[in-house]
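Reviewing the structure listed below.
Residue numbers (the working numbering): 330 to 450.
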């Protein structure tokens, strides 16, 4: 009964009839997931396998993040960043990318994934 009342509130808020409401509306009634993706749509990242925990947290926030396989080269990071218009995140200060991708490189200063996430966001 409580769910039925909640669904009715969603319908009234949107001015929809019961036939127009979908399961997606119920799981995200405010459309917050779409607005987050729209807001952060220009933020696209590529990270090495060593930053898996950070990648999971970033995806949880709706940030478009790609992780490369273990052992992927720095050249592969640069190639993906250029081809897909992404920002390279790394922990290594020794990372040397091609000149055309150097403006896409960000070296994280923090060790912990939560601190790294705050640094990125």
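Even glycine gets a Cβ: it sits at the ideal position worked out from N, Cα and C.
Selected residue, minimal CA-CA separation from residue i, among the options
i, options, result
"residue 406", "439, 392, 380", "380"
"residue 419", "388, 391, 412, 449", "449"
"residue 430", "423, 440, 412", "412"
"residue 424", "392, 414, 435", "435"
"residue 371", "392, 439, 421", "392"
Three-state secondary structure (DSSP) of residue i
i, result
"residue 449", "helix"
"residue 442", "helix"
Nearest-angstrom beta carbon gap, residue j and residue i [assumed within contact, 8 Å]
i, j, result
"residue 378", "residue 398", "6 Å"
"residue 386", "residue 446", "5 Å"
"residue 390", "residue 442", "That belief does not hold up - the Cβ atoms of residue 390 and residue 442 are roughly 12 Å apart, past 8 Å."
Cβ pair residue i, residue j closer than 9 Å
i, j, result
"residue 403", "residue 375", "no"
"residue 410", "residue 433", "yes"
"residue 373", "residue 415", "yes"
Mind listing, in chain order, the continuous beta strand (DSSP E) runs of no fewer than 3 residues lying wholly within the region 400-438?
List check, beta strand (DSSP E) in window: 416-419, 434-436.
Any chance you could list the beta strand (DSSP E) runs of at least 3 consecutive residues sitting entirely within the region 375-402, in chain order?
Runs of the beta strand (DSSP E) inside the region 375-402: 393-396.
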